[in-house]
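A.B. asks: Could you have a look at this structure, given as structure tokens, before my questions?
Residue numbers (full-length UniProt numbering): 1 to 289.
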């Protein structure tokens, strides 16, 4: 994926575009960051909040947040952050998630007793772990687990992470593609403090709204989007009102198109709160790690 960006957003010609992501080198988020624009320079941060702060402050030109996995569903912490940020969504990147089991060089699979990784990665590899009688141990992230194992030097431990993480931290891949389901993709949104330039690619629009607590209010509001191809709808609790909810919706199309603009106008009149998170070019094809 190559995105069109305003020239004054780009750094000097001798500098790469700095892209913030959550995690350590070798994380799938880093792979997404490196594939936002040509010759991107990826910079890892500990939390999603720090990714947004890095872009907002200008320490990074772009940021990537994972918002959805094809097997595990929506990544709610990231989705919630999109409501409060003033950053613009300028694109999306889809990364194929392919998990590898790795250990210290020379360690055979038969010596591995415990396997560390982020909980979703462990959950996606349960068949392999059960087959080889491996004890899963939840850790903060995938690539971070690889980094920690390389530092500990434990020869009875393994890690589930990307094959790239093994290369970075000097580990040896014992087996690739250990995930239960091969159809495993994570979708990332690309954030900028400036709006993106127009593109000829098909667009997707993300928005969030709330409705009054009256009979039929939600249906009336959703009906304003009839005829649009909605690809995702997620309900999230509001932070400022107990038992009140925000609806996050993705649909195909550009908010600037006249028909879609008219539909959004109708939604704005019906909703008690609404915000367009972004209207951005869709990813053309998944990135292979």
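Glycine is no exception: its CB is placed at the ideal position from the N, C-alpha and C atoms.
Classify residue 133 as buried or exposed, calling it buried when 16 or more other Cβ atoms lie within 10 Å of its own Cβ.
C.D. replies: exposed
A.B. asks: Suppose contacts are defined by Cβ-Cβ distances below 8 Å. Is residue 54 in contact with residue 45 by that definition?
C.D. replies: Between residue 54 and residue 45, the C-beta spacing is below 8 Å.
A.B. asks: For a minimum of 4 consecutive residues, which ranges assigned as the alpha helix (DSSP H) are wholly contained in the region 231-274?
C.D. replies: 258-270
A.B. asks: So, for residue 277: in the same chain, excluding its five sequence neighbours on each side, which residues have a beta-carbon less than 7 Å away from its beta-carbon?
C.D. replies: 82, 89, 206, 207, 208
A.B. asks: On the DSSP bridge list, what partners appear for residue 204?
C.D. replies: 252, 280
A.B. asks: What separation, rounded to the nearest whole angstrom, lies between the Cα atoms of residue 85 and residue 269?
C.D. replies: Computed Cα separation, rounded: 23 Å.
A.B. asks: Confirm, please, whether the CB-CB distance from residue 73 to residue 165 is below 8 Å.
C.D. replies: no
A.B. asks: Report all residues from its chain with a CB closer than 7 Å to the CB of residue 111; omit the five preceding and five following residues, and keep chain order.
C.D. replies: 155, 156
A.B. asks: Looking at residue 117 and residue 66, is the spacing between their C-beta atoms short of 8 Å?
C.D. replies: Their beta carbons are not under 8 Å apart, which means residue 66 does not touch residue 117 by this criterion.
A.B. asks: Under a three-way DSSP split, which group does residue 164 fall into?
C.D. replies: helix
A.B. asks: Of the choices 64, 39, 146, 284, whose alpha-carbon is the least far from that of residue 193?
C.D. replies: 64
A.B. asks: Based on the DSSP output, what are the partners of residue 96 in its beta bridges?
C.D. replies: 185
A.B. asks: On the CB-based measure, 16 or more other CB atoms within 10 Å of its CB, does residue 146 come out buried or exposed?
C.D. replies: buried
A.B. asks: For the beta strand (DSSP E) that contains residue 37, what are its first and last residues?
C.D. replies: Note, residue 37: premise wrong, no beta strand (DSSP E); not H, not E.
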